[in-house]
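Q:
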Amino acid sequence: MDILMRRIVPLLFLFASIILYLKASHKVSVQQLLNFSFPSLSILYESQQTDSGCSLLPYDEYWIRSNRIVTSEGVFSGAVEVKSGRISSVVSDDFEAGQFLGKHVLDFGHAVVMPGLIDIHVHLDEPGRTEWEGFSAGTKAAAAGGVTTVIDMPLNSFPSTVSEEALKLKIKAAQEKIYVDVGFWGGLVPENALNATALDSLLSAGVLGLKSFMLPSGINDFPMTNITHIKEGLYALARYKRPLLVHAEVDVGSESDDETRHRASDPRSYSTYLKSRPASWEIEAIRELQTAMEETKVGGRAEGAHVHIVHLSDAEISLNLIKDAKSSGASVSVETCAHYLAFSAEEIKDGDTRFKCAPPIRDEANRQKLREALLEGHIDMLSSDHSPSTPELKLLEEGDFLRAWGGVSSLQFDLPATWTYGQKYGMTLSHLVKLWSEKPAKFAGQEHKGAIVTGNHADFVVWEPEVEFDLDDNYKSFSKNPSISAYMGKRLSGKVLATFVRGNLVFSDGIHSPKACGETILAK
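Take 1 as the starting number for the sequence shown in full-length UniProt numbering and just add one per residue.
1. Relative to the C-alpha of Thr149, which candidate in His512, Leu492 and Asp459 has its C-alpha closest?
2. State the CB to CB distance for the pair Val332 and Ile348, rounded to an integer number of angstroms; the pair is presumed to be in contact (CB under 8 Å).
3. Take the Cβ of Val252 as the centre, count every other Cβ of all protein chains shown within 10 Å, and call the residue buried at 16 or more, exposed below.
4. Just list the residues that DSSP pairs Arg268 with in beta bridges.
5. I need the boundaries of the beta strand (DSSP E) containing Ala65, first residue and last residue.
6. Which word fits His110, buried or exposed, when buried means at least 16 other C-beta atoms lie within 10 angstroms of its C-beta?
7. When the Cα of Gly300 is compared with those of Asp324, Val501, Gly183 and Ala330, which residue comes out closest?
8. Which class does Ser40 belong to by DSSP, given the choice of helix, strand or coil?
9. By the three-class DSSP mapping on this structure, what secondary structure does Glu164 have?
10. Just verifying my parser: in three-state terms, what is the DSSP assignment at Ile393?
11. Below 7 Å, is the gap between the Cβ of Gly329 and the nearest heavy atom of the ligand FAD?
12. Could you check whether Leu497 and Val462 sit closer than 8 Å to each other, using their CB atoms as the reference points?
13. Below 6 Å CB to CB, which residues in the same chain sit around Ile178 once its five sequence neighbours on both sides are set aside?
14. Which residue from Ser493, Glu73, Asp352 and Trp281 puts its Cα closest to that of residue 589?
15. Check whether the region 313-328 and the region 371-387 are in contact - that is, three or more C-beta pairs closer than 8 Å.
16. So, is residue 590 buried or exposed, given that buried needs 16 or more other C-beta atoms within 10 angstroms?
17. Output the distance between the C-alpha atoms of Ser204 and Lys211, rounded to the nearest integer angstrom.
18. List in chain order: all unbroken beta strand (DSSP E) runs of 3+ residues lying wholly within the region 87-129.
19. Return helix, strand or coil for Ile230, following the three-state DSSP convention.
20. How should Pro154 be labelled, buried or exposed, when 16 other C-beta atoms within 10 angstroms of its C-beta is the threshold for buried?
21. Are the region 352-369 and the region 284-300 touching by the rule of at least three beta carbon pairs closer than 8 Å?
22. Name the DSSP bridge partner or partners of Pro243?
23. Nearest-angstrom Cα distance between Thr336 and Gly85?
24. Can you tell me the Cβ-Cβ gap for Val246 and Leu202, rounded? I've got them flagged as a contact below 8 Å.
25. State buried or exposed for Pro359, treating a residue as buried only when at least 16 other CB atoms are found within 10 Å of its CB.
26. Using a Cβ-Cβ cut-off of 7 Å (strictly less than) and excluding sequence neighbours within five positions of Ser217, which residues of its own chain qualify?
27. My output table needs one value for Thr225: the three-state DSSP class, helix, strand or coil.
28. Rank Phe507, Gly503, Ala444 and Glu397 by C-alpha distance to the C-alpha of Val182 and give the top, closest one.
In structure tokens form, the structure reads like this:
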């Protein structure tokens with residue numbers, strides 16, 4: 001503490017002198033006041049932390065100031081006041097100068113301040129498969145990437161979250177391990193779909209909605225559902241006004257069936273995998289869902305429920321079917337993922353199974369159409385579908401696309417990956433806020449997140465969009481198995497400087513808060 005005082009007191013004295021002089025000469029302006037930056041956060045690290053250890057700051061009341069504060073409507077220069085984890089006020093640079101006197105001010109200059117990202121599609125794999133990821137590693141990666149809330153998927157952990165008991169195990173496993181806020185989707189499987197008591201128990205326990213697969217998931221205790229199961233799930237969800245998230249693919253065969261079945265084609269070739277999982281799988285699944293979507297209309301048996309298509313890859317017929325459902329009055333939304341916008345099939349080298357995911361990354365023409373649909377508002381939001389595993393399961397040495405585990409590991413790179421490639425097709429900072437914060441918050445029922453407005457949780461990411469960095473061996477990735485990420489080896493733009501969750505500074509300059517104090521989010 002003595003070191004801290006020796007460093008800060010002279011600066012505070014100088015600052016006070018400047019204020020008194022400016023006030024006396026009637027020359028004080030907001031910009032003059034704000035242009036004086038308080039001591040850097042690195043100095044504060046040497047001070048005593050708050051008793052909780054939840055934040056890298058020693059106080060919970062302060063102002064954040066920036067020339068670029070971003071909302072979905074635009075960018076402005078101003079400041080945000082934080083008190084006890086909430087946004088107390090938001091002001092532009094035309095407010096009274098005296099508002100800052102005697103206050104803690106974090107002046108981030110020209111760095112961007114915007115709502116923290118909300119990633120609604122994340123596999124954290126705990127309990128049961130912490131060698132794949134786990135709450136601690138996964139939420140550290142999230143915080144380092146400016147993601148302040150994640151919604152955990154019900155599968156890839158063990159047991160899968162398909163019952164109240166399994167949800168309780170997951171909540172218990174998350175205690176004192178999560179650096180950001182974490183909510184949970186429950187699983188819709190045949191066993192609970194036809195058991196109203198079981199579904200009510202799971203929904204009453206606090207899952208934010210349900211997730212189902214229309215084809216085998218690859219996880220033994222998470223079997224696929226048919227349209228009957230899906231409709232029963234929607235009827236239950238209607239009573240709670242929560243969404244059903246659907247992995248919309250059905251196996252209708254492919255042009256390479258004979259080849260892949262007899263291993264005649266090259267399993268190291270990405271084109272072999274792409275042909276094995278054509279767009280027709282997505283198209284047919286969404287066609288099958290049409291009758292279920294109809295039920296969500298006003299007056300329908302599932303009115304109040306909502307159908308959400310996860311990780312859309314096909315930007316043509318599948319997307320058109322979703323657009324038609326929306327225009328007909330059905331309650332429907334759709335997400336796509338950053339990797340479908342960043343990469344195309346033509347770029348993926350033979351044997352590079354880091355890029356295997358389902359549905360697959362398609363060709364360049366499809367990527368361009370996805371980008372256009374996103375900016376035109378036909379795709380509602382973005383997610384990562386962060387789906388890590390171990391290097392052994394990815395078969396990185398063998399490079400066999402047909403046998404390797406599918407999934408792109410990307411949680412720490414949501415923001416820079418979206419921004420790096422998004423700039424090329426017209427994405428703005430306000431687009432980022434809408435697609436990664438505001439719409440996901442509304443979708444997940446988080447009314448106090450996703451926007452910088454008075455009363456909301458003080459969840460922010462502070463970052464420098466212009467700063468480039470290489471994802472090489474020297475880059476600090478916090479995921480359990482960073483080598484499996486398709487983004488490793490890339491050069492990205494958008495360096496995260498600081499991440500705040502409910503007012504706690506949980507990440508800054510490569511350092512996390514001493515304790516993991518994120519909160520579990522349960523539906524009421």
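Heads up, the beta-carbon is just placed ideally off N, CA and C, and yes, glycines get one too. None of these values were measured; they are calculated from a predicted model.
A: For this structure:
1. Asp459
2. Contact doesn't hold; Cβ gap of about 30 Å is too wide.
3. exposed
4. Answer is none; Arg268 lacks a bridge partner.
5. The question names Ala, but residue 65 is Arg in the sequence shown. Segment Glu61 to Thr71, the beta strand (DSSP E) holding Arg65.
6. exposed
7. Ala330
8. At Ser40, the pLDDT of 39 sits below 50, so the modelled position is not reliable; the number obtained from the coordinates is stated separately. Of the three classes helix, strand and coil, the one that applies to Ser40 here is coil, per DSSP.
9. helix
10. According to the sequence shown, residue 393 is Leu rather than Ile. Correct three-state label for Leu393: helix.
11. Ligands are entirely absent from the displayed structure, and the ligand FAD is therefore not among its contents.
12. yes
13. Phe135, Thr139, Ala516 and Gly518
14. Missing from the structure shown is residue 589; the chain here goes from 1 to 524 and no further.
15. yes
16. Beyond the ends of the chain as shown, which are 1 and 524, falls residue 590; an answer cannot be given.
17. 16 Å
18. 105-107, 112-115 and 117-122
19. helix
20. buried
21. no
22. His306
23. 31 Å
24. Their Cβ separation, rounded to whole angstroms, is 17 Å, which puts Val246 and Leu202 out of contact at 8 Å.
25. buried
26. Leu155 and Met224
27. coil
28. Ala444
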